[in-house]
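Novice: Here you go, one structure.
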Amino acid sequence: MSDTVQAEKRGFQAEVKQLLHLMIHSLYSNREIFLRELVSNASDACDKLRFEALDKAELFESDSELKIRVAFDKASRTITISDNGIGMSRDDAIAHLGTIAKSGTKEFFSKLSGDKQQDANLIGQFGVGFYSAFIVADKVTVLTRRAGLAADAGVKWECSMAGDEAGEYTVEPYTKAIRGTDIILHLRDGEDDLLSGWKLRSILRKYSDHIIQPILMRKEEWNQEKAENILSDEEETVNQANALWTRAKNDISDDDYKAFYKHISHDYEDPLAWSHARVEGRHEYTQLLYIPKRAPFDLWDRNTQHGLKLYVRRVFIMDEAEKLLPHYLRFVRGIVDSADLPLNVSREILQESKDVDTIRGGCSKKVLGLLEDLAENRKEDYTEFWGQFGRVLKEGLGEDHANKDKIAGLLRFASTHLDSPEESVSLKDYIGRMKEGQEKIYYVTAESFNAAKNSPHLEVFRKKGIEVLLLADRIDEWAVSYLTEFDGKEVVSVAKGGLDLGKLEDEEEKKKVSELAEEFKPLVEKIQASLGDKVKEVRVTNRLTDSPACLVVDEHDMGANLARMLKAAGQNVPTSAPILEINTEHPFVVRLKSEEAKFDDWTAVLFDQALLAEGGTLDDPATFIKRMNQLMLDLSK
1 MSDTVQAEKR GFQAEVKQLL HLMIHSLYSN REIFLRELVS NASDACDKLR FEALDKAELF
61 ESDSELKIRV AFDKASRTIT ISDNGIGMSR DDAIAHLGTI AKSGTKEFFS KLSGDKQQDA
121 NLIGQFGVGF YSAFIVADKV TVLTRRAGLA ADAGVKWECS MAGDEAGEYT VEPYTKAIRG
181 TDIILHLRDG EDDLLSGWKL RSILRKYSDH IIQPILMRKE EWNQEKAENI LSDEEETVNQ
241 ANALWTRAKN DISDDDYKAF YKHISHDYED PLAWSHARVE GRHEYTQLLY IPKRAPFDLW
301 DRNTQHGLKL YVRRVFIMDE AEKLLPHYLR FVRGIVDSAD LPLNVSREIL QESKDVDTIR
361 GGCSKKVLGL LEDLAENRKE DYTEFWGQFG RVLKEGLGED HANKDKIAGL LRFASTHLDS
421 PEESVSLKDY IGRMKEGQEK IYYVTAESFN AAKNSPHLEV FRKKGIEVLL LADRIDEWAV
481 SYLTEFDGKE VVSVAKGGLD LGKLEDEEEK KKVSELAEEF KPLVEKIQAS LGDKVKEVRV
541 TNRLTDSPAC LVVDEHDMGA NLARMLKAAG QNVPTSAPIL EINTEHPFVV RLKSEEAKFD
601 DWTAVLFDQA LLAEGGTLDD PATFIKRMNQ LMLDLSK
């Protein structure tokens, strides 16, 4: 085969070139991760072979002992990482080593800032994998053969990052007797400290002790004559070579947990928190779940699968098993090892399995319990979590009815009693500082924090010192529609329905509003007639102190802010005219009472101003400006 097919030179995908440049310059300060990443890939290759061999035992080729080897050669200045896992075909090598077949790639590159430390964190989230080899090597040779193919179906892949050939690689046939992959790193100048058994062992024990497969290295013996260590033919296992989650928690250090997190997530940073538990009873499974410190760049990418690694009786089954957690917890990383699921379980089986439903429920409660512990005992860490994942957690109000109360207790909100959007309050704390006689939790939604904070609907609440939650995330109005009450307190919008302050409003105020409604009844009817079907109703209000008017919707109608967002997204939204409430003590409204000649113009301006104040968009801005200009000119005469 090698006599008839020549080496083929190919160019890297543009994104690979960009990633290689970024890694070499941004990640060098933590260069040791190259070994962690390559060993982690070797472990994944072994896991994939074990899984495929469940149905095709012949893939083991009479060698079912999966292992990883790390070796170095001082003379040639190389480090070699070998595995006898699934290996690659020629097409696999081109697809996996020459391109980045990953959703969210464009978004990843768009978020790079040029700041080395910040970009290093982002690159770590993206997963450097094989390309980390170029942090310490200026040339990489890959010798590989996929399990099940003939020995002469092997592939040699080679790339040099030095000279004119940088950014290109060659692929050629190669005869490889043993299945799997050998990655040979030709070290850059100045990397000679890595050509040491002691150095490599210390890196492996630091980052890869949890790898399930044994990592083998040749033993070294002291040679008195040469005054140096000499490699022997005997091998030793460097790592513990057992599944970390199967060990007793007392035997696992925090560093072990952190290292395992980086192995399964390829994250560059330590996790924020984790939970390790074995569940026994009708269903038996082990869960090791992590909360990351930082949101991944593709958290909102609908094409990206997010989920846990699934094992069945320690046999790796699949990555990103999304059915093991609800979608709103997609930021969680970790593993589940089930004792009950069949080894041939597929994504389709996961979709319908009652065992999976039980695991999903147990994992959800464990994650929420972990977050509750953070919120109660590590408030600064929870604030960090909320800044990264708060918007995602809000999705749970509509997705996870069984845990709605737990999720609601974890939510944080800006409010009128806080100075900035960075500060927040929980519903529990809000209730704890409610005014005497207050029976409801009040909120207002808007497109931005400032728009919410300055909403005219808040005027009477400020006057009475009543705290109102300020909701400005795009998801808020949808999410809060599922939160009708918390801890026995009704949750209500200040911009919906009639204003009912209950015991916070005395009889004298109610009487005054009733009298004003009667006094201004003719004006209300006149405004209603002038605006026609633009409004459902016009009425006197007690919710305003500074503004002449505001728009509200009926209690069961869709909020104006949500309706605008759905329209912007191209959704068909049922139209419902708003209610115009007028402040009878405002000079604008008092003037309207005696206005005759320009009544319709003044009424239109009153409505348009109220629409703008609550974040709406005018259907005809030009007419609004022309009308305003003319009215101001009339006043100046």
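Counting in full-length UniProt numbering, the final residue of the sequence shown is number 637, and the numbers go up one at a time with none missing.
Glycine included, C-beta positions come from ideal geometry on N, C-alpha and C.
Which residue comes first and which comes last in the beta strand (DSSP E) that contains Met217?
Specialist: Its beta strand (DSSP E) spans residues 215-223.
Novice: With distances taken from CA atoms, which of Lys249, Arg201, Glu515, Ile349 is nearest Val70?
Specialist: Comparing Cα positions, the closest option is Arg201.
Novice: Over what stretch of residues does the beta strand (DSSP E) that includes Glu322 continue unbroken?
Specialist: Careful: Glu322 lies outside any beta strand (DSSP E) and carries neither H nor E.
Novice: Since Glu352 is in the alpha helix (DSSP H), which residue starts that stretch and which ends it?
Specialist: Run containing Glu352: 347-352, per the alpha helix (DSSP H) assignment.
Novice: With C-beta atoms as the reference, is Ala472 less than 7 Å away from Phe449?
Specialist: A contact, by the Cβ cut-off of 7 Å.
Novice: List the residues that DSSP assigns as beta-bridge partners of Gln287.
Specialist: Ala277, Val336, per the DSSP bridge assignment.
Novice: Could I get the ranges of all uninterrupted beta strand (DSSP E) runs contained in the stretch 531-561, with 3 residues as the minimum, in chain order?
Specialist: 537-540, 549-552, all fully within the stretch 531-561.
Novice: Where Leu195 and His186 are concerned, what is the direct C-alpha to C-alpha distance, given to the nearest angstrom?
Specialist: Spanning the two alpha carbons is a distance of roughly 11 Å.
Novice: Tell me whether Ala101 sits in a helix, a strand or coil according to DSSP, three-state version.
Specialist: With a pLDDT of 47 at Ala101, under the threshold of 50, the modelled position of this residue cannot be trusted, and the question is left open.
Novice: Can you give the Cα-Cα distance for Leu523 and Phe607, rounded to whole angstroms?
Specialist: Looking at the two C-alpha atoms, the distance is approximately 14 Å.
Novice: Tell me the rounded alpha-carbon separation between Val140 and Lys293.
Specialist: Taking the straight line from one Cα to the other gives about 33 Å.
Novice: For Ser103, count neighbouring C-beta atoms within 10 Å of its own C-beta (all shown protein chains included) and say buried if the count is 16 or more, exposed if not.
Specialist: Note that Ser103 has pLDDT 48, beneath the 50 cutoff, so the model's placement of it is unreliable and no number is given.
Novice: Figure out for me which residue from Ile475, Val39, Arg313 has the closest Cα to the Cα of Asn84.
Specialist: Ranking Ile475, Val39, Arg313 by Cα distance to Asn84 puts Val39 first.
Novice: Gly488 to Val494, Cα distance in whole Å?
Specialist: Approximately 19 Å between the Cα atoms of the pair.
Novice: Helix, strand or coil for Arg69 per DSSP?
Specialist: Three-state result, Arg69: strand.
Novice: Which class does Thr484 belong to by DSSP, given the choice of helix, strand or coil?
Specialist: The answer is coil: DSSP assigns Thr484 none of H, G, I, E or B.
Novice: Cutting at 7 Å between CB atoms, please list the residues of its own chain near Arg188, excluding the five before and the five after it.
Specialist: Contacts found: Val136, Ala137, Asp138.
Novice: Could you check the C-alpha separation between Ile86 and Trp198 for me, to the nearest Å?
Specialist: Computed Cα separation, rounded: 29 Å.
Novice: Go ahead and label His556 buried or exposed: buried means 16 or more other beta carbons lie within 10 angstroms of its beta carbon, across all protein chains shown.
Specialist: So His556 counts as exposed.
Novice: Taking Leu551 as the reference, give the member of Gly497, Asp506, Leu562 with the closest Cα.
Specialist: For Leu551, the nearest C-alpha among the options comes from Gly497.
Novice: Run through DSSP, which three-state label would residue 718 get?
Specialist: This structure leaves residue 718 out entirely; the chain is present only between 1 and 637.
Novice: Quick one: Cα of Lys206 to Cα of Leu143, how far?
Specialist: If you take the alpha carbons of Lys206 and Leu143, they lie about 27 Å apart.
Novice: Reducing DSSP to helix, strand and coil, say where residue 649 ends up.
Specialist: Nothing can be reported for residue 649, as the shown portion of the chain is limited to 1 through 637.
Novice: Count the other CB atoms within 10 Å of the CB of His276; is the residue buried (16 or more) or exposed (fewer)?
Specialist: Label assigned to His276: buried.
Novice: Just verifying my parser: in three-state terms, what is the DSSP assignment at Ile501?
Specialist: Per the sequence shown, the amino acid found at residue 501 is Leu instead of Ile. DSSP places Leu501 in coil when its eight states are reduced to three.
Novice: Given Tyr443, which residues of its chain have a CB within under 8 Å of its CB, disregarding the five upstream and five downstream residues?
Specialist: Counting only Cβ-Cβ distances below 8 Å, and skipping sequence neighbours, we find Phe413, Val468, Leu469, Leu470, Leu471, Val480, Val491, Val492, Ser493, Val494.
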